[in-house]
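K.L.:
Counting in my numbering, the sequence shown runs from 464 upward without gaps.
Each residue gets a CB set at the ideal place from its N, CA and C atoms; glycine is no exception.
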Amino acid sequence: MDNKISYEEQAVICRAHSAIVKLFNKTNESVGSGVLIKLGQKYFIATAAHVIPEKHSIEIVPVPGKSPIHRFQLRGACEKNDVGFLELLPGDENNLRDEAFTECACMASTIDLTSEYDVLVVGYPVDYHFETQSQETICDASTFRTIIIPQKKWPKLTEIDPERPINKNTDIFLDYDPLNGVIGFPTNESSLDLVHHPDSTPPKPEGMSGGGIWSYSGKTLKNSGIWSPGSYLLGIETSFFSKKKLMRGVRISAWCDLIRSHYPKEETVIEALNNIAKNEYPPKDAKKVIG
464 MDNKISYEEQ AVICRAHSAI VKLFNKTNES VGSGVLIKLG QKYFIATAAH
514 VIPEKHSIEI VPVPGKSPIH RFQLRGACEK NDVGFLELLP GDENNLRDEA
564 FTECACMAST IDLTSEYDVL VVGYPVDYHF ETQSQETICD ASTFRTIIIP
614 QKKWPKLTEI DPERPINKNT DIFLDYDPLN GVIGFPTNES SLDLVHHPDS
664 TPPKPEGMSG GGIWSYSGKT LKNSGIWSPG SYLLGIETSF FSKKKLMRGV
714 RISAWCDLIR SHYPKEETVI EALNNIAKNE YPPKDAKKVI G
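Given below as structure tokens:
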């Protein structure tokens, strides 16, 4: 991968970072990450099911100067696919950045998994605290730049996760090597550098569970003659396997199915979900993306 990224990619990174929130439990330990989503007139946080078990009292840390959010209208989860959601109480969306909520035009339900695609995984990892040699602390939001692995290269069940069978209809597998793909801070007005930490421990991806998997206009799309000025939320990151150098996620379509099961009579929510179901990645025609 190149050490520099384009203006378009930098814009995608900024947009993806603005849609990510940190989730904590009542003991103020890191639980994971979540993605802000708006469907109709309702505001949600998409995340992984294991991030928000019922026994945890979850708290969201909003933008500076705003009150923490610790009560929710509804929460739901699908353990089989490891996806979950929190619905914000009316008015609590004002404690967050309104422009940060991802809407249906920026979400793709169908993904072509016959080829490799450049993606960004954005979330809040935990880091190693060098002073105590043991304590884990919360990092700022991090972005891993990587690729979606085509289904023909997916690992066998016995090689990856015997407790959670591979589902070709909902899973996403990503190449994972944090030392090769972490995107850091701007070094000038036109680019970002990829950050390499050969002499230190890289962030631990555990806290990134629930973070977003975003498309961007990388080399694969440009070589195919396709260009999109925006980005699509393709899925939610759920787990990683360091020895296999793999990261696992679930497609946003599985999250949409979970929402549909909880809100079958909410017309504006169902309409938004139906629009998302029409979006595919890569888009055959970017102008026809439904929103």
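Return the first residue and the last residue of the beta strand (DSSP E) that A540 is part of.
P.N.:
First-last of the beta strand (DSSP E) with A540: 535–541.
K.L.:
Tell me which same chain residues have a C-beta within less than 6 Å of the C-beta of L502, skipping the five on either side of it?
P.N.:
Cβ neighbours of L502 beyond the five flanking positions: V732, A735.
K.L.:
Between the beta-carbon of S672 and the beta-carbon of G495, is there less than 8 Å?
P.N.:
Contact flag set, yes.
K.L.:
Taking all protein chains shown into account, do 16 or more other C-beta atoms lie within 10 angstroms of the C-beta of C477, making it buried, or fewer, making it exposed?
P.N.:
It is exposed - the Cβ of C477 has fewer than 16 other Cβ atoms within 10 Å.
K.L.:
Does the contact criterion of 3 or more C-beta pairs under 8 Å hold for the stretch 511–518 versus the stretch 544–564?
P.N.:
Yes, they touch.
K.L.:
Is S496 helix, strand or coil by DSSP?
P.N.:
Residue state, collapsed to three classes: strand.
K.L.:
Run through the stretch 695–744 for me and flag every whole beta strand (DSSP E) of 3 or more residues, listed as ranges in chain order.
P.N.:
Complete beta strand (DSSP E) runs here, min 3: 696–704, 709–714.
K.L.:
Going by the beta-carbon positions, is the gap between L583 and V475 smaller than 8 Å?
P.N.:
It is a contact, given that the beta carbons lie within the stated cut-off.
K.L.:
Measure the alpha-carbon distance for H533 versus E522 and round it to whole angstroms.
P.N.:
Cα to Cα, the separation comes out at about 4 Å.
K.L.:
Can you pull the DSSP bridge partners for D634?
P.N.:
Answer is V713, bridged to D634.
K.L.:
Give the straight-line distance between the Cα atoms of T609 and T510, rounded to the nearest whole angstrom.
P.N.:
Rounded to the nearest angstrom, the two C-alpha atoms are 20 Å apart.
K.L.:
Starting from W447, trace the beta strand (DSSP E) both ways and give me its first and last residue.
P.N.:
It is not possible to answer for residue 447, since the shown part of the chain is limited to 464 through 754.
K.L.:
Could you give the residue range of the beta strand (DSSP E) that holds S672?
P.N.:
Careful: S672 lies outside any beta strand (DSSP E) and carries neither H nor E.
K.L.:
Between which residues of its own chain and L709 is the CB-CB distance below 8 Å, once the five residues before and five after are set aside?
P.N.:
If we look at L709 and ignore the five residues flanking it on each side, its Cβ neighbours are I612, P618, I623, F636, L637, D638, Y639, F703.
K.L.:
Given a threshold of 16 other Cβ atoms within 10 Å of its Cβ, counted over all protein chains shown, does K728 qualify as buried or as exposed?
P.N.:
Exposed, because fewer than 16 other Cβ atoms sit within 10 Å of the Cβ of K728.
K.L.:
Counting along the chain, where does the beta strand (DSSP E) carrying Y580 start and finish?
P.N.:
Its beta strand (DSSP E) spans residues 580–586.
K.L.:
Comparing alpha-carbon positions, which option in Y506, N558, F507 lies nearest P531?
P.N.:
With distances taken between Cα atoms, P531 lies closest to N558.
K.L.:
Taking 8 Å as the cut-off, decide whether the C-beta atoms of Y448 and A571 are in contact.
P.N.:
Because the chain spans 464 through 754 in this model, residue 448 falls outside it and cannot be assessed.
K.L.:
Under a three-way DSSP split, which group does E566 fall into?
P.N.:
It is coil, neither helix nor strand.
K.L.:
Leaving aside the five residues before and after T782 along the sequence, list all residues of the same chain whose C-beta is less than 6 Å from its C-beta, in chain order.
P.N.:
No statement about residue 782 is possible, as the shown extent of the chain runs from 464 to 754 and does not include it.
K.L.:
Under the three-state reduction of DSSP, which class applies to A479: helix, strand or coil?
P.N.:
A479: helix per DSSP, three-state reduction.
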